[in-house]
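For the sequence shown, this note's numbering assigns the number 5 to the initial residue and increments by one for each residue that follows.
Backbone N, C-alpha and C define an ideal beta-carbon position, used for all residues, glycine too.
The block underneath contains the structure these notes are about, expressed in structure tokens.
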Amino acid sequence: MSPLHLLALPGDGIGPEITAATLEVLRAVAPLLTRKLEIGEAEIGFAALKAQGTTIPETVVDQAKASDGVILGPVSHNEYPPVAEGGRNPSGVLRVGLELFANIRPARTYDGVECAARSAFDLVVARENLEGFYADRNMHLGGGEFMPTPDVALAMRKITETGSRRIAEAAFRLAAERRSHVTAIHKANVMRVTDGLFLRVCREVAEAHPEVRYDELLVDAAAAHLVRHPERFDVLLCTNMFGDILSDLASEMSGGLGLAGSLNLGEQHAVAQAQHGSAPDIAGQDRANPISLILSAAMLLRHRGEARAAQTIETAVSRALANPETRTTDLGGALGTRAFTTRLCTLIAERAP
5 MSPLHLLALP GDGIGPEITA ATLEVLRAVA PLLTRKLEIG EAEIGFAALK
55 AQGTTIPETV VDQAKASDGV ILGPVSHNEY PPVAEGGRNP SGVLRVGLEL
105 FANIRPARTY DGVECAARSA FDLVVARENL EGFYADRNMH LGGGEFMPTP
155 DVALAMRKIT ETGSRRIAEA AFRLAAERRS HVTAIHKANV MRVTDGLFLR
205 VCREVAEAHP EVRYDELLVD AAAAHLVRHP ERFDVLLCTN MFGDILSDLA
255 SEMSGGLGLA GSLNLGEQHA VAQAQHGSAP DIAGQDRANP ISLILSAAML
305 LRHRGEARAA QTIETAVSRA LANPETRTTD LGGALGTRAF TTRLCTLIAE
355 RAP
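Written as structure tokens, this is what we have:
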């Protein structure tokens, strides 16, 4: 059997620290894998810009395509120079280059962890990843934003039948493995054409999956229900921007973006990516919470057929969070990045053969 080959891209800010923590956890869980684990590493972000003149060399994209999955650290893309000077957003480049049409973002509450939610919940946002209003990825040539005159700025929203069908099918497959409920999020009362197309496709996919309960909700109402009754949701099926916003809201309701995993999926490729940013203000201080990227890596393992290893990581995280003494400082605990990682690896070793 061929090895499980993963590519680690540490990124900027706290990226190298939380990537190192994630790789340590992956190596701890390696005895539970059905395949030998091989991990490669490459530079992106400011390190790559300094060394190679671009924040993501094409050789890195090729390495990503050749791997079984990518561990992508956060990047400081808002601080990069213009694209013409090598400042490309590695996340956007990989999403387009690897055709990662689905961004799967779970959010759930944890026992003992303070959160804003009124009740416990466990949901997943299935977000379309290549279309919508996102100007860095929604056009084949040129950008999705432009200024015809100095005082007018326009943005194009692209919704296609193919893109809508792919994310809808992914959402229904996911719901079938969970509580069999999909809620399509839209604003068709205003964007009648684009969200009208999106909903038409969602309804067609729903008809092919009668075993899954299907309903629809306006995005503003969805935001209100996430605050008041998050437990009502199972899988939220969203276009790009709505999914981006609602998944962040759901994660904050559960205790913060630092607790939320994220997996970008295509037909062939997968990229694990933390939901949060690069936090350069705490970089190098052993203060970063690595849970988001660690849980993203667990999602990647499950996607590649390694459910036992993935569950072991998730259980270790839950156990660590349940004890205030073994949480990171941002969650009211006393542990830094390295000490928390060591604790997780100890918990994993207790489950390993």
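Run through DSSP, which three-state label would residue i get?
| i | result |
| --- | --- |
| residue 219 | strand |
| residue 18 | coil |
| residue 284 | helix |
| residue 144 | coil |
| residue 308 | coil |
| residue 54 | helix |
| residue 104 | coil |
| residue 317 | helix |
| residue 93 | coil |
| residue 37 | coil |
| residue 79 | coil |
| residue 229 | helix |
| residue 332 | strand |
| residue 187 | strand |
| residue 118 | coil |
| residue 327 | coil |
| residue 234 | helix |
| residue 24 | helix |
| residue 290 | coil |
| residue 254 | helix |
| residue 350 | helix |
| residue 295 | helix |
For residue i, which option in the options has the closest C-alpha, if you only look at C-alpha atoms?
| i | options | result |
| --- | --- | --- |
| residue 279 | 8, 83, 79 | 79 |
| residue 84 | 346, 209, 18, 52 | 52 |
| residue 72 | 345, 65, 11, 23 | 11 |
| residue 166 | 343, 185, 198 | 198 |
| residue 39 | 6, 128, 74 | 6 |
| residue 272 | 282, 252, 291, 304 | 304 |
| residue 61 | 322, 15, 242 | 15 |
| residue 47 | 64, 41, 327 | 64 |
| residue 331 | 41, 123, 293 | 293 |
| residue 188 | 152, 231, 244, 145 | 244 |
| residue 281 | 17, 9, 8, 13 | 17 |
| residue 184 | 128, 156, 76 | 128 |
| residue 248 | 223, 270, 339 | 223 |
| residue 1 | 253, 348, 329 | The requested residue 1 does not occur in the structure, where the chain is confined to residues 5 to 357. |
| residue 76 | 122, 156, 22 | 22 |
| residue 179 | 150, 196, 126, 296 | 126 |
| residue 232 | 242, 246, 258 | 258 |
| residue 31 | 162, 296, 317, 110 | 317 |
Can you say whether residue i is buried or exposed, counting buried as having 16 or more other CB atoms within 10 angstroms of its CB?
| i | result |
| --- | --- |
| residue 158 | exposed |
| residue 274 | buried |
| residue 350 | exposed |
| residue 240 | buried |
| residue 219 | exposed |
| residue 338 | exposed |
| residue 152 | exposed |
| residue 74 | buried |
| residue 194 | exposed |
| residue 50 | buried |
| residue 13 | buried |
| residue 310 | buried |
| residue 168 | buried |
| residue 145 | exposed |
| residue 226 | buried |
| residue 147 | exposed |
| residue 344 | buried |
Given the structure, does residue i come close to the ligand GTP, in the sense that its CB is under 7 Å from one of the ligand's heavy atoms?
| i | result |
| --- | --- |
| residue 135 | As presented, the structure is devoid of all ligands, the ligand GTP included, so that no description of it is given. |
Determine which residues share a DSSP beta bridge with residue i and list them.
| i | result |
| --- | --- |
| residue 302 | DSSP lists no partner for residue 302. |
| residue 162 | 136 |
| residue 128 | 110, 239 |
| residue 44 | 11 |
| residue 73 | 10 |
| residue 267 | 108, 276 |
| residue 150 | 158 |
| residue 339 | 332 |
Checking contacts by CB at 8 Å: is residue i closer than that to chain C?
| i | result |
| --- | --- |
| residue 245 | The structure shown contains no chain C; it holds only a single protein chain. |
Three or more beta-carbon pairs under 8 Å between the stretch 35 to 54 and the stretch 235 to 248, yes or no?
No: fewer than three Cβ pairs fall under 8 Å.
Does the contact criterion of 3 or more C-beta pairs under 8 Å hold for the stretch 279 to 287 versus the stretch 138 to 145?
As far as the Cβ criterion goes, the stretch 279 to 287 does not touch the stretch 138 to 145, which means the pair count is below three.
Taking contact to mean 3 or more Cβ pairs, one atom from each stretch, closer than 8 Å, check whether the stretch 256 to 272 and the stretch 293 to 304 are in contact.
Enough Cβ pairs lie closer than 8 Å, so yes.
Pairs of beta-carbons, one from the stretch 127 to 137 and one from the stretch 101 to 110, closer than 8 Å: are there three or more?
They touch, by the three-pair rule.
Using a Cβ distance threshold of 8 Å, determine whether the stretch 190 to 205 contacts the stretch 88 to 97, with at least three qualifying pairs required.
Judged by Cβ distances under 8 Å, the stretch 190 to 205 makes no contact with the stretch 88 to 97, as fewer than three pairs qualify.
Does the stretch 54 to 61 touch the stretch 108 to 123, meaning 3 or more C-beta pairs lie closer than 8 Å?
Here the stretch 108 to 123 makes no contact with the stretch 54 to 61; the two share fewer than three CB pairs at distances below 8 Å.
Mind the definition here: the stretch 173 to 191 touches the stretch 210 to 221 only if three or more C-beta pairs lie below 8 Å; say whether that holds.
The answer is yes - the stretch 210 to 221 touches the stretch 173 to 191, with three or more Cβ pairs under 8 Å.
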